[in-house]
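Student: As given, the protein sequences belong to chains L and D, one line each in that order. For the first sequence, position 195 (counting from the first letter as 1) is numbered 1235 according to the numbering used here, and the numbering increases by one without interruption. For the second sequence, position 293 (counting from the first letter as 1) is numbered 1333 according to the numbering used here, and the numbering increases by one without interruption. The beta-carbon is built from N, C-alpha and C at its ideal position, and this holds for glycine as well. Right, I'll just put the structure down here and ask away after.
There are 2 protein chains.
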Amino acid sequence: MANSLKRIILGQPLATAAEKHERLGKISGLAVFSSDALSSVAYGTEEILLILVTAGTAALTLGLPIMVGIVVLVVIVAISYWQTIHAYPSGGGAYIVAKDNLGTLPGLIAGAALLIDYVLTVAVSTAAGVAAITSAFPPLYPWRVTLCVLSVIGVTIANLRGLRESGRLFTVPTYWFIGSMFLLTLAGLWRVVNGTVQPLPAEHVTATNALTIFLILRAFSSGCATLTGIEAVSNGIPAFRQPEPRNASITLAWMAGILGGTSIGMAFLAHAYGVIPRETETVVSMLARGIFGESLLYFNIQVATALILFLAVNTSFQDFPRLSSIMAKDGFMPRQMANRGDKLVFSNGILILAAVSIVLLIVFQGSVNALIPLYAVGVFLSFTLSQAGMVRHWLKEEHPAPHHILLNGLGAVSTGVVLLVIASTKFTHGAWMVIVLIPVIVLGFVRVHRHYQLVAERLSLAGAARPRIGKNPVVVLVAGIHKGVVEALEYAKSISPNVTALTVDLDPTQTTKLRLRWAEWEPDVPLVVLESPYRSILRPLLEYIDRMERQGEGRYLTVVLPEFIPSHWWEHFLHNQTALLVKAALLFKPGKVTVSIPYHL
Amino acid sequence: MANSLKRIILGQPLATAAEKHERLGKISGLAVFSSDALSSVAYGTEEILLILVTAGTAALTLGLPIMVGIVVLVVIVAISYWQTIHAYPSGGGAYIVAKDNLGTLPGLIAGAALLIDYVLTVAVSTAAGVAAITSAFPPLYPWRVTLCVLSVIGVTIANLRGLRESGRLFTVPTYWFIGSMFLLTLAGLWRVVNGTVQPLPAEHVTATNALTIFLILRAFSSGCATLTGIEAVSNGIPAFRQPEPRNASITLAWMAGILGGTSIGMAFLAHAYGVIPRETETVVSMLARGIFGESLLYFNIQVATALILFLAVNTSFQDFPRLSSIMAKDGFMPRQMANRGDKLVFSNGILILAAVSIVLLIVFQGSVNALIPLYAVGVFLSFTLSQAGMVRHWLKEEHPAPHHILLNGLGAVSTGVVLLVIASTKFTHGAWMVIVLIPVIVLGFVRVHRHYQLVAERLSLAGAARPRIGKNPVVVLVAGIHKGVVEALEYAKSISPNVTALTVDLDPTQTTKLRLRWAEWEPDVPLVVLESPYRSILRPLLEYIDRMERQGEGRYLTVVLPEFIPSHWWEHFLHNQTALLVKAALLFKPGKVTVSIPYHL
């Protein structure tokens, strides 16, 4: 039942041998890996303007120059990653590059930063996607948290179904969004050139902040969310068709071009149309409404925006499990993160990502503005570490090419400076949480790693002697004599010549009866009756078992428990409580083995 | 740690041999068993008046005659139980009497009815006790649900500490309450005789109902809550000192006299002082305020009332676990209800009662008026069955005494008629829930009983042959070769000459390595490598185990799992997932025994 439900939702299992065919070309690769970066067009300009407008509407003119600065950063980072892809064709991104070149700790910091940002991408993009829908259909606004949760569940299922199907699912919407954005930009420009711009209705805004350098930098920091996801391609190189680095780097270039173009386009149009950001409607929605009116074209923009944002969520669903599996193989995360499910995907990573981001969406009530200050710190930290690692990588070569060092050095310095700007301007608005969380996660990585190392040392057979076990004593716990007990005793006799039965005297009449029947049925197994003045069953048993051990009888003491397996689940409550308690009590005692002999009713 | 906390809360354990000394005399017996009945003085009159007042203030004059009728019923029921106590000196009350004389089903119905009413007694009395406090200290009103829950927890702990200490704890408050009620009644009467009654301020009440016979019967039904708890003594006879029946019946007579006197007293005073029932203050509080003014005597009445109500809760904490243990010994409830804890009390019954009544108090927001319609149906059902059973009991004697038959017959008929009145007048106000619940619980009893019977039959050794077990095959699941695996293999070799190691091939490189090292360390144990095209660990293992069984290799197949016992709880998440899954999958398969060989890290 449960299994067939699983098959309906997830489809047929895929054999390990099928893996090679699950690869992406440039077209589908762009769809799968670029949606995170491209979708930030939906909120990048808005987040800049939302900060600027607190200093009054006049400050909004700074939106376009700030966006130009951000796009310059996009180009620098894209060039840096172009070099990374070619130097690390097997993928892994910031974690691997930092770990290889800067050492384990920087690698782990990059890993923690990336994992946090993947979770935030899911939360922010889902919230923004739902905002695109509620902008077009305001009555849905009260349902936004529910819509967010349902969207994440939908993407989770799509990903559990397997990578190729993801590519197939996501190609059409990505290109639809790219097309729609170009259409919006061109139509908007045409009206500007034509002189038929209808300025949006002016609103009165009360300035609450002064237009300080700090505020401008905060606006820039918020806009830097545009860059999140740009590293997705470099993490996912192995998912591309051969030659992977070539396909991946071309995809990256396309992506950076489209991202830069549409971002500048939106910022320019927002300026030209005099958009004043509002809580109830997104900037893209206001622009589309102003350019197309409430036509089908307007709704097309909103639907395409919502879809690309849900696909951005998908990028994280590709990269979070992949990075987790790499870190798990290195022993920094629990091993089960490296297990592939029966659809060839890392199911545990997918499920954990879904769970954490759903919690975030509920806690932050599905609000993009509430989530944004947490965002981008992690990404810029990983950019900086990755580019610094690349600089180190080139320096280690015998004849390093100066332009390699220069380009990655430019990347490292510029992203490092931006990281400081983001961390300081958004610190009190939420970035502190991420700054606190990163060392906590890194500590977790270190402890997991130390644990696995310790286990490996303890378990190593190097120089180990073979343990002497011999024939061990067996005790069988009995409360009466019936078929289940006789089975258990026979089993005990089959595994050891040294079998004792133990019972606790709770009722003298019952115990006398038991002794009589015992002599008849099991004369060859000694029956030890333990006194229990305080009616506890557990204590006398544990004391007896301890005494046996002190007398040094063998390496293991096997405790056999006759256990009923009832035919209905509720019948469990009517039996076996003692067996459960005994097992729990003996679990942490060395040298004790408990065996339940099931008796099926 | 956990154990020493338990000792601080519950005190030192009591030996089984200490049981005889844990008995009650008449003075302490009255304190322990009468508080339920007596405490209804606190709300009996009020509940009658609350129904009558819906037909206008003129209808309130019917309060006194209705209470007189209820007190007549008290006398009839008390005489009936006097006879029961002497006929059944070993106690057990309605369940035993009905089962012995009318058959199992009526016995179970009586048992279910009583258990429900014990839970309701806890809920109603706690709510009324808290109402007495909030009448005197109105600012506490918003905290009433919290106060209710804390009270139940307090009484629970007192009861888990043991029976004798309960008697000691509760003697003073019971007699304090009795004295206070007599004082209130006498002071009130003195003023009436003296002519110094100050009538309470008149309030305007809008009549919402007509004064029909049905309404009068509903008022009577609500007042019948006065009788709940009157059977407590007959259930608890074995708790008295010898001669138990004499001590118990004298206690019963005292109780009925005090109950009847104070109930009539309250109803008379309410009439004489013109009390109009209100939501914000109890009737007893209004009377005490009218008679004593806001003096210390007034607060004394409120505190004594609250205390007796918390003691009423205690009566249920005596009887619910005792009845459960009797029914558990008869096989109608899970056996663990019959286990005595280390303070000689039936701890499981106490804990279940506490949990269910806390839920009720939270659901009904600690309101007496909301809970009252559920109350009394169960008690009158058990009265009727018990008295009918007594009639049958006398008829079975060779020379039945006519007055015995007559008195119990009168009891049966009158409580039966009242039962019908209560069930019909309160049906839509909540009694339906109880009427639905009783058959459900009875069905539960029957199914539990049937299960235990079935188990006893299946397990019976009558005519059974001794099972042939012989040497069973053992398989050891391994994922690599290390100290833990070697331990497990040595253990397996010690219990069987037929040991096979099983591993699943998830990574050909690893598997090849394993084969090489295996040949070196364990050349005498065959290593079977299972293919797993879909990367599942579980499925190939289970398929192999199934195949082994189909080839008919012995009665049991023992599956040995090397398991790590880490030193910190969180490290469990880093290991053993496969072992857990295998154990869960094999639990319900007959003939499979799983053994974890612990390796302590």
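#1: Taking CB distances under 7 Å as the criterion, tell me whether R1498(L) reaches chain D.
#2: Contact criterion: CB-CB distance below 7 Å. Does L1200(L) meet it with respect to chain D?
#3: Name the residues in the region 1532-1551 of chain L whose C-beta lies less than 9 Å from a C-beta of chain D; which are they?
#4: So with Cβ pairs under 7 Å, would you call M1041(D) a contact of chain L?
#5: I'd like the list of long-range same chain contacts for L1581(D), defined as Cβ closer than 6 Å, with 5 residues on each side in sequence excluded.
#6: Taking the Cβ atom as the reference point for each residue, do L1363(D) and Y1121(D) lie within a distance shorter than 7 Å?
#7: Quick one, are the C-beta atoms of D1157(D) and V1353(D) less than 7 Å apart?
#8: Helix, strand or coil for L1104(L) per DSSP?
#9: Any chance the CB of I1521(D) is under 6 Å from a heavy atom of the ligand ATP?
#10: Going by beta-carbon coordinates alone, are L1102(D) and L1092(D) separated by less than 7 Å?
#11: Rounded to the nearest angstrom, how far is the Cβ of A1134(D) from that of S1426(D), given a contact under 8 Å?
#12: Considering only residues of the same chain and omitting the five flanking positions on each side of L1327(L), which have a CB-CB separation below 8 Å?
#13: Does the beta carbon of L1578(L) sit closer than 7 Å to a beta carbon anywhere in chain D?
#14: Identify every run of the beta strand (DSSP E) within the region 1109-1195 of chain D, keeping only runs that are complete inside it and at least 3 residues long; order them along the chain.
#15: Whose C-alpha, out of S1080(D), T1424(D), E1438(D), is nearest the C-alpha of A1344(D)?
#16: With a threshold of 7 Å between beta-carbons, can K1523(D) be considered close to chain L, or not?
#17: Y1639(L) bridges to which residues according to DSSP?
#18: Can you give, in chain order, each stretch of the alpha helix (DSSP H) that sits fully within the region 1530-1570 of chain L and has at least 4 residues?
#19: Are the beta-carbon atoms of E1527(L) and I1637(L) separated by less than 7 Å?
#20: Return the CA-CA distance between R1281(L) and P1178(L), expressed in angstroms with no decimal places.
#21: Using a Cβ cut-off of 9 Å, pull out every chain D residue sitting near Q1493(L), in sequence order please.
#22: I need the straight-line Cα distance from T1322(D) to A1171(D), nearest angstrom please.
#23: Are S1500(L) and V1514(L) touching if we call contact CB-CB under 7 Å?
#24: Less than 7 Å between the beta carbons of K1533(L) and V1539(L), yes or no?
#25: Is any beta-carbon of chain L found at less than 7 Å from that of E1527(D)?
#26: Between which two residues does the beta strand (DSSP E) carrying V1516(L) extend?
#27: Could you spell out the range, first to last residue, of the alpha helix (DSSP H) harbouring D1370(L)?
#28: When the Cβ atoms of the region 1400-1412 of chain D are set against those of the region 1158-1167 of chain D, are three or more pairs found closer than 8 Å?
#29: Which runs of the alpha helix (DSSP H) spanning at least 4 residues fall entirely within the region 1389-1463 of chain D, listed in chain order?
#30: Taking L1064(D) as part of the alpha helix (DSSP H), name the residues at either end of that continuous run.
#31: I'd like to confirm the pairing. Which residues does DSSP put opposite L1597(D) in its beta bridges?
#32: Out of V1633(D), F1604(D), A1247(D), which one is the CA nearest neighbour of T1598(D)?
#33: With distance defined between alpha-carbon atoms, name the residue in A1505(L), E1086(L), V1565(L) nearest to S1261(L).
#34: Who are F1280(D)'s beta bridge partners in DSSP?
#35: What span of residues does the alpha helix (DSSP H) with Q1238(L) cover, start to end?
#36: Check the Cβ of V1633(L) against every Cβ in chain D and list those closer than 8 Å, keeping chain order.
Tutor: With the given structure in hand:
#1: yes
#2: no
#3: K1533, S1534, I1535, S1536, L1546
#4: Its pLDDT being 45, under 50, M1041(D) is placed unreliably by the model, and the measurement read from it follows with that caveat. So, not an interface residue.
#5: none
#6: no
#7: no
#8: helix
#9: Of the ligands one can find in the structure shown there are none, so the ligand ATP has no counterpart to examine.
#10: yes
#11: 4 Å
#12: L1224, G1228, M1306, L1309, A1310, Y1313, V1315
#13: no
#14: none
#15: S1080(D)
#16: yes
#17: F1604(L)
#18: 1548-1561
#19: yes
#20: 43 Å
#21: Ordered by position in chain D, no residue passes the 9 Å Cβ test against Q1493(L), which lies about 12 Å from the chain.
#22: 7 Å
#23: no
#24: yes
#25: yes
#26: 1514-1517
#27: It is not in any alpha helix (DSSP H) - D1370(L) carries neither H nor E in the DSSP assignment.
#28: yes
#29: 1408-1411, 1417-1436
#30: No alpha helix (DSSP H) contains L1064(D), which DSSP labels as neither H nor E.
#31: K1632(D)
#32: V1633(D)
#33: E1086(L)
#34: L1064(D)
#35: First-last for Q1238(L): undefined, no H or E at that position.
#36: Y1531, V1635, S1636, I1637, P1638
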